[in-house]
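S.K.: This is the structure, below, for whatever I ask next.
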Amino acid sequence: METGKNNFVNNKTSVANSVNGSKRKKNFGSAVKTVWQTPVTKYFLSALVITVTGIILYYLQLHIGYQSVSLVFLFIVSLLPLFNFKPGQIFLAAVMSAFIWNYYFIPPHFTLRIGKVEDALMFGLYFVIASVSGLLISRIRTQQIQINQKEKKTSALYDLTRELSSSKSLDDVTGCSIRHLKETFHTEVAVIYAENDKKLQTLPHPSSTFKIDEAEWNIAQFVHLNSGKAGRFTDTIQFITPATYYPLLSKEGKLGVLGLIFPEDAVLNNDTQSLLNTFIAQITIAIEREYLKELAKRNLVIQESEKLYKTLFDSVSHELKTPITTILGAVTSLRDEKIIGNKSVLTRLLFETNVAAERLKRLVENLLDITRLESGNLTLKKDWHSVNDLFNLLINKIRKEGYDQNIIVSVNEDAGILFFDYPLIEQALLNIIHNSLEYTPPGSSIEINAKRTTEGLAIIISDNGNGFPEEALKNLFKKFYRVPGTKAGGTGLGLSIAKGFVEAHGGTISVRNRKPNGAEFIILLPFN
Amino acid sequence: MAIQNTVVIIDDESQIRKILSITLEAEDYKVIEASKGKDGIVAVANNHPQLVILDLGLPDKDGFSVLSEIRTWSSVPVIILSVRNSEEDIVKALDLGADDYITKPFNTSELLARIRANIRRNQQSDSEGSVVNGNLKIDFVKRIVYKKNKELKLTNTEYLLLLMFFKNIDRVLTHNFLLKEVWGPTHAEDSQYLRVFIGQIRKKIEDDPSQPKYIVTDSGVGYRMLAVTN
Chain H
158 METGKNNFVN
168 NKTSVANSVN
178 GSKRKKNFGS
188 AVKTVWQTPV
198 TKYFLSALVI
208 TVTGIILYYL
218 QLHIGYQSVS
228 LVFLFIVSLL
238 PLFNFKPGQI
248 FLAAVMSAFI
258 WNYYFIPPHF
268 TLRIGKVEDA
278 LMFGLYFVIA
288 SVSGLLISRI
298 RTQQIQINQK
308 EKKTSALYDL
318 TRELSSSKSL
328 DDVTGCSIRH
338 LKETFHTEVA
348 VIYAENDKKL
358 QTLPHPSSTF
368 KIDEAEWNIA
378 QFVHLNSGKA
388 GRFTDTIQFI
398 TPATYYPLLS
408 KEGKLGVLGL
418 IFPEDAVLNN
428 DTQSLLNTFI
438 AQITIAIERE
448 YLKELAKRNL
458 VIQESEKLYK
468 TLFDSVSHEL
478 KTPITTILGA
488 VTSLRDEKII
498 GNKSVLTRLL
508 FETNVAAERL
518 KRLVENLLDI
528 TRLESGNLTL
538 KKDWHSVNDL
548 FNLLINKIRK
558 EGYDQNIIVS
568 VNEDAGILFF
578 DYPLIEQALL
588 NIIHNSLEYT
598 PPGSSIEINA
608 KRTTEGLAII
618 ISDNGNGFPE
628 EALKNLFKKF
638 YRVPGTKAGG
648 TGLGLSIAKG
658 FVEAHGGTIS
668 VRNRKPNGAE
678 FIILLPFN
Chain C
6 MAIQNTVVII
16 DDESQIRKIL
26 SITLEAEDYK
36 VIEASKGKDG
46 IVAVANNHPQ
56 LVILDLGLPD
66 KDGFSVLSEI
76 RTWSSVPVII
86 LSVRNSEEDI
96 VKALDLGADD
106 YITKPFNTSE
116 LLARIRANIR
126 RNQQSDSEGS
136 VVNGNLKIDF
146 VKRIVYKKNK
156 ELKLTNTEYL
166 LLLMFFKNID
176 RVLTHNFLLK
186 EVWGPTHAED
196 SQYLRVFIGQ
206 IRKKIEDDPS
216 QPKYIVTDSG
226 VGYRMLAVTN
C-alpha cells in the first residue's frame, strides 16, 4: 500500500520536474538526474550514507560518547528527505542506523544485545523517532513539491489564459497557444483548423512547429471526424505516429485538431494529462471566440455587400425597366387601329421609342465601362487626335439628341493634337455634358471650353443651372452616388466613369459651384 | 362627340408619362401629367378626372400616401403602376382603396382595357337589377345566379362571393377584401376558406374548372372576374 503510493508520487514528480523545471533549466543534465532518481539507486545511496556516517562516528565515539552518536544518526536521517529520499529509503536508513548504533556503539559492542535498561529504552525511542521524523519530513517535503508543482501549473495556466485573452486575432491565439504548449509540455505543436464539420483544412496553421505530411493529415482528419483523440498515449492508432492528436471541440461545432509530439522519454500521467486537458479547453475557448468574431466580421462584410448589391440591383433594374416599359408600351399600342391611323401619334411614339432605346444603350455602355474600370484591365489604345475634331463630333452627337439647353462651344484654334484613347475621352466628356444637360432646367446654357495650357489640355464644362448642394460636391464622382432629391433616371455611374477614364490618362477631374449659380467641371489632360 | 374622359397620370419618370399620354390622347382621353405626389393630388382635386394612374414609387411621397390622401375625399378609380414581384405592395395599395393595378412593363392594350373597365364600372349605377356576363346572369333582387338560363344551386356564402365578383367585373378583389365582405372582419386572415369556396364556385360556373375563364387568380393578390363575351 505504502509503496504503491510512493511510486505514484514518484512518477508524478519525475515527469513534472522534467516538464516544469525545464522552463528555467531546459533539459540540462537530465540524463544524470534520471540515474540518480531511480528508486533502487536511492536505496543504495541511503544505505551508503548511513554506513559512511557509521564509520566516521565509530572513530569519533571516544570523543563524543556512544549516546551522542544516536543524535548524529537522527540528524542524518532527518536530512534525507531534503534530498528527495522517499519514505521507504528513509525507513531503511532509520532501521540500518538503529542496528548499526546498537551493534557497534551500544555496550556490549558487536552484539545486538543491550546491557542497560536505559540504553534499551533509548534504542527503542531512537528507532521510533528516526522513522517517524524521517517519514514526517519526507511527507512535508512531498507536499511542498506538490504545492510547487501546482503553483507552477497554475502559473503556466494563468500565463496561457492571460495571453490568450489579450490575443486579438485567430493568428494571435494560435501562435500564443503553440508557444505555451511548447514551453509547458516540451512538445512540438501543429494546429489544423476545420474547413467544415466533415473536413480539415489541407494545411496546418503556419505557426505550427512540425510538418504534417499526408499520413499525419489523414490521422488528424480521422480525429476530426470522430471527435476523439488518437495517436501516442491514446488507445487509437498509437503506434503509427509519433504525435498525439486532440480534437478542438466547442459547443458550436468542431474547430479543428491539435497535434502534439511529446519528447521521446516523456510519461503522460494523470496530472499532466489533466493539465493538458485544461490547456486544450482554454485554447478551444479562445479559438472559438476568435472564430465567432471573424464570423461576425464576415457577416458584416456580407451585409455591406448585400446592401451595395441591392442598391445596384434596384437602380439598374429601374433604369432597365423604364425604357423597356416605354418601348413595350409604344410597340403594343401599335395593335390599336386608332393609333395606327394617326400619323402624328405614330411619329411621337417612334420618337419616344428612340429616346428609350438610346437610354438603354447608354445604360448598357455605362455598365460595360464601369466593369472595365472595376476589372482593372483597362488598356488604353492611344493615338494622335485633333482636339477640334473631338469637340466637333461630340457636339454634333449631342445636338441630335434634342435637348432644350443652349450649348456654347469655344475651342482654341491652336488646341492642336493630343495623344489619347479617343472613345474613352469622348465617353468621359459625353457623360459630363449629359449630366449637365439632364440636371439643368430647360433654356439654361452649357458652355464647353478647351484650351492648351503649359501642362496639358484644360477642358471646362460649365452651366448656369442650380449648382450642387455643398455636401454633394465631394461625393459626386463616387460610384452609384446620386444627389439626394434629384429626378428619376440615372444610375449614378456616369461621372465616376468619366473620372476613371480621365485618370486612366493621367489626368484630373474636379467640380465646383460657380457664382452666382451653376456648376463647372474642370478636366485636365496632360500632354503625355 | 362624346364627353372626353380625363385621366391624371402621377409618375416620376417623364418617359413613362409621355408614352402614356401619347397613347391615351390618341384614344381621346384628356391627359394631365404630374411628376410628384403633391402635384398629382392637386391635379386630381382641380380636374375631377374619371381615372388616376398612380406610380407606387414616387420621390417626394410614396404612392401609398398619395392614394390614401385622394381616398379621403374622392372615389375616383385609381390604377396602380407597379413593378413586377411586388405583390405585397399591390395588395397594400388595393386594400388602401386602389381599384386595379398593372405591372411594368405593361401591354398598352391591356392597360387601355383596364382603364375602360374601371371608368365604365364607376359610371354604372347600382340600381340595375341584374348583370349578365357570358353565360352567367345574376339577379340581385331574387338572389339567383343563372348559367345558360338554368338556376345554379348556391349556398349563401357562394352567392355572396359571386355577388362581389359581379359587382366588380374586370376588377381584382384582394383576399382580404373578399374575406371581410363575405365572412366579416374577424376572418380577414383565413384565406383557406376563400380557396375552398372559389373552388366550389368554379365547379358550378365554369365549363372547365381547371381552366377558369370567369374567375381567374391574380397570383399573390386576389381574384378577378373577367368580362366574358359570347
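Residue numbers (our numbering), protein chains in the order written: chain H, 158 to 685; chain C, 6 to 235. Note that CB positions come from ideal geometry on N, CA and C, so glycine has one too. Note that the structure is predicted; figures quoted are calculated from it, not measured.
1. Within 9 Å (strictly less), CB to CB, does LYS109 (chain C) reach chain H?
2. Looking at chain C, is there any beta carbon in it that lies within less than 9 Å of the beta carbon of SER490 (chain H)?
3. Where ILE302 (chain H) and PHE436 (chain H) are concerned, what is the direct C-alpha to C-alpha distance, given to the nearest angstrom?
4. Express the C-alpha separation of GLU92 (chain C) and TYR466 (chain H) in angstroms, rounding to a whole number.
5. Look at the alpha carbon of HIS192 (chain C) and the alpha carbon of THR162 (chain C), and state the distance between them as a whole number of angstroms.
6. Please report the distance separating the alpha-carbon of LEU405 (chain H) from that of THR391 (chain H).
7. Taking contact to mean at least 3 C-beta pairs separated by less than 8 Å, is the stretch 653-667 of chain H in contact with the stretch 582-590 of chain H?
8. Kindly give me the distance between the Cβ atoms of GLY291 (chain H) and ILE257 (chain H), rounded to whole angstroms, as I take these residues to be in contact under 8 Å.
9. Determine whether the Cβ of ASP561 (chain H) lies closer than 9 Å to any Cβ atom of chain C.
10. Drop a sphere of 10 angstroms on the beta-carbon of ASN235 (chain C), count the other beta-carbons inside from all chains shown, and report buried for 16 or more, exposed for fewer.
11. Helix, strand or coil: which one does DSSP assign to ASN138 (chain C)?
12. Would you mind sorting PRO480 (chain H) into buried or exposed? The rule is 16 or more other CB atoms within 10 Å of its CB.
13. Who are the Cβ neighbours of LYS310 (chain H) in its own chain at under 7 Å, not counting the five residues just before and after it?
14. Check whether the stretch 321-333 of chain H touches the stretch 392-399 of chain H, taking contact to mean three or more Cβ pairs, one atom from each stretch, closer than 8 Å.
15. Do you know whose CA, among C:LYS152, C:ALA39, C:LYS155, C:ARG229, lies nearest LYS23 (chain C)'s CA?
16. What residues from the stretch 79-97 of chain C come within 7 Å of chain H, judged by C-beta to C-beta, listed N to C?
17. Return the residue from the list H:THR344, H:LYS408, H:ARG455, H:LEU485 that minimises the CA-CA distance to ASP422 (chain H).
18. Can you give me the start and stop residues for the alpha helix (DSSP H) that PHE256 (chain H) sits inside?
19. Would you tell me roughly how many angstroms separate the C-alpha atoms of ALA11 (chain C) and LYS35 (chain C), rounded to the nearest one?
20. Just verifying my parser: in three-state terms, what is the DSSP assignment at LYS190 (chain H)?
21. List the residues of chain C whose Cβ lies closer than 9 Å to the Cβ of GLU509 (chain H), in chain order.
22. Output yes if chain H places a C-beta closer than 9 Å to the C-beta of THR113 (chain C); else output no.
23. Applying the criterion that 16 or more other CB atoms from any shown protein chain within 10 Å of the CB defines a buried residue, is GLU133 (chain C) buried or exposed?
24. Is VAL209 (chain H) helix, strand or coil when you go by DSSP?
25. Under 8 Å Cβ to Cβ from LEU269 (chain H), same chain only, skipping five residues before and after it: list those, please.
26. At a cut of 8 Å, does the stretch 438-456 of chain H reach the stretch 73-85 of chain C through at least three beta carbon pairs?
27. Using a C-beta to C-beta distance shorter than 7 Å, which residues of chain H count as neighbours of ALA31 (chain C)?
28. Leaving out five residues on either side along the sequence, give the residues of the same chain with a beta carbon under 8 Å from the beta carbon of ILE497 (chain H).
29. Rounded to the nearest angstrom, what separates PHE240 (chain H) and ARG298 (chain H) at their Cα positions?
30. Mark PRO217 (chain C) as exposed unless 16 or more other C-beta atoms lie within 10 angstroms of its C-beta, in which case mark it buried.
31. To the nearest angstrom, how far is the alpha carbon of LEU25 (chain C) from that of ILE124 (chain C)?
32. In its own chain, which residues sit with a C-beta less than 7 Å from the C-beta of ILE484 (chain H), not counting the 5 before and 5 after it?
33. Tell me the DSSP secondary structure of ALA645 (chain H) in three-state form.
34. Buried or exposed: which applies to GLY68 (chain C), given that a residue is buried once 16 or more other Cβ atoms fall within 10 Å of its Cβ?
35. If distances are taken between C-alpha atoms only, which option among H:LEU293, H:ILE263, H:GLY664, H:GLU476 comes closest to ALA645 (chain H)?
36. At a CB-CB cut-off below 8 Å, which residues of chain H make contact with ASP17 (chain C)?
M.R.: Quick look at the numbers:
1. Yes - at least one Cβ of chain H is within 9 Å of the one on LYS109 (chain C).
2. Closer than 9 Å to some Cβ of chain C, the Cβ of SER490 (chain H) qualifies, so yes.
3. For ILE302 (chain H) and PHE436 (chain H), the distance between alpha carbons rounds to 22 Å.
4. Rounded to whole angstroms, TYR466 (chain H) to GLU92 (chain C) spans 22 Å at the Cα level.
5. Distance between the alpha carbons of HIS192 (chain C) and THR162 (chain C) is about 13 Å.
6. Taking the straight line from one Cα to the other gives about 16 Å.
7. Because the criterion of three Cβ pairs below 8 Å is met, the stretch 653-667 of chain H and the stretch 582-590 of chain H touch.
8. Not confirmed; about 15 Å, so no contact.
9. No, ASP561 (chain H) lies away from the interface with chain C (no Cβ there is under 9 Å from its Cβ).
10. Around the beta-carbon of ASN235 (chain C), fewer than 16 other beta-carbon atoms lie within 10 Å, marking it exposed.
11. Assigned with DSSP and collapsed to three states, ASN138 (chain C) falls in strand.
12. By the neighbour-count criterion, in which 16 or more other beta carbons inside 10 Å mark a residue as buried, PRO480 (chain H) falls on the buried side.
13. Once the five neighbours on either side are set aside, the close Cβ partners of LYS310 (chain H) are LEU432.
14. Contact fails: fewer than three Cβ-Cβ distances are below 8 Å.
15. Out of C:LYS152, C:ALA39, C:LYS155, C:ARG229, C:ALA39 has the C-alpha closest to the C-alpha of LYS23 (chain C).
16. Going along the stretch 79-97 of chain C in chain order, one finds VAL88 with a Cβ nearer than 7 Å to chain H.
17. Distance check between ASP422 (chain H) and each of H:THR344, H:LYS408, H:ARG455, H:LEU485 places H:THR344 closest, using alpha-carbon atoms only.
18. Run containing PHE256 (chain H): 244-257, per the alpha helix (DSSP H) assignment.
19. It should be noted that the sequence gives Thr, not Ala, for residue 11 (chain C). Rounded to whole angstroms, THR11 (chain C) to LYS35 (chain C) spans 5 Å at the Cα level.
20. With a pLDDT of only 48 at LYS190 (chain H), under 50, the local geometry of the prediction cannot be trusted, and no value is derived from it.
21. The answer, in chain order, is GLN20, LYS23, ILE24, ILE27.
22. Chain H contact via Cβ: present.
23. Exposed, since its Cβ has fewer than 16 Cβ neighbours within 10 Å.
24. Helix at VAL209 (chain H).
25. If the five residues before and after LEU269 (chain H) are omitted, its C-beta is found closer than 8 Å to the C-beta atoms of PHE256, ASN259, TYR260, all from its own chain and listed in chain order.
26. The stretch 438-456 of chain H is not in contact with the stretch 73-85 of chain C.
27. Within chain H, the residues placing a beta-carbon under 7 Å from that of ALA31 (chain C) are LYS495, ILE496, ASN499, VAL502, ordered along the chain.
28. Excluding residues within five positions, the ones whose Cβ falls inside 8 Å are LEU491, LEU503.
29. Rounded to whole angstroms, the separation of the alpha carbons of ARG298 (chain H) and PHE240 (chain H) is 9 Å.
30. By the neighbour-count rule (16 or more Cβ atoms within 10 Å), PRO217 (chain C) is buried.
31. Each residue's alpha carbon lies about 17 Å from the other.
32. Within the same chain, ILE484 (chain H) has close Cβ partners THR510, ALA513, ALA514.
33. Residue state, collapsed to three classes: coil.
34. Under this definition GLY68 (chain C) is a buried residue.
35. Ranked by Cα distance from ALA645 (chain H), the first of H:LEU293, H:ILE263, H:GLY664, H:GLU476 is H:GLU476.
36. Neighbours of ASP17 (chain C) across chain H, judged by C-beta separation under 8 Å: LYS644, ALA645.
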